[in-house]
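Protein sequences, first through last, are from chains A and B.
Residue numbers for the first sequence follow our numbering, beginning at 118 and rising by one.
Residue numbers for the second sequence follow our numbering, beginning at 9 and rising by one.
Each residue gets a CB set at the ideal place from its N, CA and C atoms; glycine is no exception.
Values in this document were obtained by computation on a predicted structure and should not be read as measured data.
Following: one structure in structure tokens, then a few remarks.
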Amino acid sequence: SSTTQVVHSAGRRFIVSPVPESRLKEQ
Amino acid sequence: AEDTGVRVELAEEDDGKKTSIALRLWVEDQKKLKGKYKDSGAIEFTFDLEREVPDAVAQEMVESGFFLECDMKLVSKSIRDRVALIKWHRERVVTGGE
Chain A
118 SSTTQVVHSA GRRFIVSPVP ESRLKEQ
Chain B
9 AEDTGVRVEL AEEDDGKKTS IALRLWVEDQ KKLKGKYKDS GAIEFTFDLE REVPDAVAQE
69 MVESGFFLEC DMKLVSKSIR DRVALIKWHR ERVVTGGE
């Protein structure tokens, strides 16, 4: 999948995944 | 809450008990951001409602390259609003109801 993980030096994990189209505001 | 262009929602169901809760943040309206934003998607993270402050998480997001320093306050405010809502909801459930 296109999910990635970023770990900050303080230890927190950020899991990044695509935002579904339906959750984005019309531009 | 004010529309910051940055959405923060619960990434899991709130059982009202755990202090650490998963949140998901994404940019809904890039025009609200001051800095150039690299569209990386929705960022999921856990937040400790008792021990952590939104500013610290926003700072870590900046340091991790998700946002620029100039948008830190906006990101922090978005998290703070959501956290306040979660806490308000929990208090209402505890003091109201049964």
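- Within the model, the alpha-carbon separation for residue 138(A) versus residue 101(B) is close to 33 Å.
- The beta carbon of residue 27(B) sits no closer than 9 Å to any beta carbon of chain A.
- Against chain B, a Cβ distance below 9 Å from residue 134(A) picks out 32, 49, 50, 51 and 52.
- The C-alpha of residue 24(B) is placed about 9 Å away from the C-alpha of residue 95(B).
- For a cut-off of 8 Å, the C-beta gap from residue 70(B) to residue 77(B) is around 6 Å, short enough to register as a contact.
- Shown here, residue 134(A) sits in a strand according to DSSP, grouped into three states.
- Burial state of residue 27(B) is exposed, judged by a 10 Å Cβ sphere holding fewer than 16 other Cβ atoms.
- Check the Cα spacing between residue 99(B) and each of 64(B), 74(B), 57(B) and 38(B): the tightest is with 57(B).
- In this structure residue 72(B) does not touch residue 14(B) by the C-beta definition: roughly 15 Å separates them, more than the 8 Å allowed.
- Only residues of its own chain outside the window of five on either side were considered, and among them 75, 80, 81, 83, 84 and 87 have a CB closer than 8 Å to the CB of residue 66(B), listed in chain order.
- Among the CB atoms of chain A, none fall inside 9 Å of the CB of residue 16(B).
- Taking a contact as a CB-CB distance under 8 Å, the pair residue 49(B) and residue 134(A) counts as one, their CB atoms being some 5 Å apart.
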